[in-house]
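First comes the structure, then the notes that go with it.
In the numbering used here, the protein residues as written are 365 to 555.
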């Protein structure tokens, strides 16, 4: 690899990450709301920039090369520091904790705006202002629609949440329905 390479653009990285995760340019294109050829061209541009083949191509089949697998494994921690790190006021240490868990130097962090509401944080991410750590359940619809993509596997935040209510409301029918629904719903792991 060329050690003097420029940092790849986010669009190239997203195309590579989705193609690597799905093992398919077509599935990556569906996720990213692009054409298959656009994803293929973005991956080719990334390969040209890095001066290394990331995928073996055999007709319509693709498979990560050894270099591609290494790049996929190293991509999230190494590239996160290149982007504006958005946060929510209630979790000011989220990125510091993430950098610690990935053994990254805090000096390379690029803190971005901090938002009062998680919904505003998610809107900022969707607008391309930066990246954020948010519970998957809050962005699952955006991930399913391809508006947002995940950059790395879910991680355990180490936090627990509790449903608390006044004793006098414990038999309130609407609360009982909500509580029962909450307890029976299999929530995905948080991001």
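We put the CB at the ideal spot given by N, CA and C, even for glycine.
| Item | Value |
| --- | --- |
| Could you pull the start and end residues of the alpha helix (DSSP H) that residue 503 belongs to? | 500-509 |
| Are residue 450 and residue 510 close, meaning C-beta to C-beta below 7 angstroms? | no |
| Determine contact between the stretch 379-394 and the stretch 405-418, defined as no fewer than three beta-carbon pairs at a distance below 8 angstroms. | yes |
| Let me make sure I understand the geometry here. Which of 460, 375, 533 and 465 has the alpha-carbon closest to that of residue 471? | 460 |
| How would you call residue 435, buried or exposed, if buried means at least 16 neighbouring beta carbons within 10 angstroms? | buried |
| With residue 512 and residue 506 assumed to form a contact (beta carbons below 8 angstroms), what rounded beta-carbon distance in angstroms separates them? | 4 angstroms |
| Just reading off the alpha helix (DSSP H) that residue 543 is part of, what are its end residues? | 537-548 |
| Less than 7 angstroms between the C-beta atoms of residue 497 and residue 528, yes or no? | no |
| Between which two residues does the alpha helix (DSSP H) carrying residue 422 extend? | Where residue 422 is concerned, there is no enclosing alpha helix (DSSP H), although the beta strand (DSSP E) it sits in stretches over 419-422. |
| Given a cut-off of 7 angstroms on the beta-carbon distance, is the pair residue 424 and residue 448 in contact? | no |
| So what's residue 451 in DSSP terms, helix, strand or just coil? | strand |
| Check each candidate in 504, 377, 543 and 535 and name the one with the smallest Cα separation from residue 438. | 377 |
| From this set, 531, 488, 503 and 481, which residue's C-alpha is nearest residue 518's C-alpha? | 503 |
| Starting from the C-beta of residue 389, find all residues in its chain whose C-beta is less than 6 angstroms away, skip the five residues before and the five after it, and write them out in chain order. | 383, 400, 403 and 404 |
| Helix, strand or coil for residue 428 per DSSP? | strand |
| Can you check DSSP and say which residues form a bridge with residue 475? | 449 |
| Return the residue from the list 501, 453 and 469 that minimises the CA-CA distance to residue 481. | 453 |
| With C-beta atoms as the reference, is residue 406 less than 7 angstroms away from residue 431? | no |
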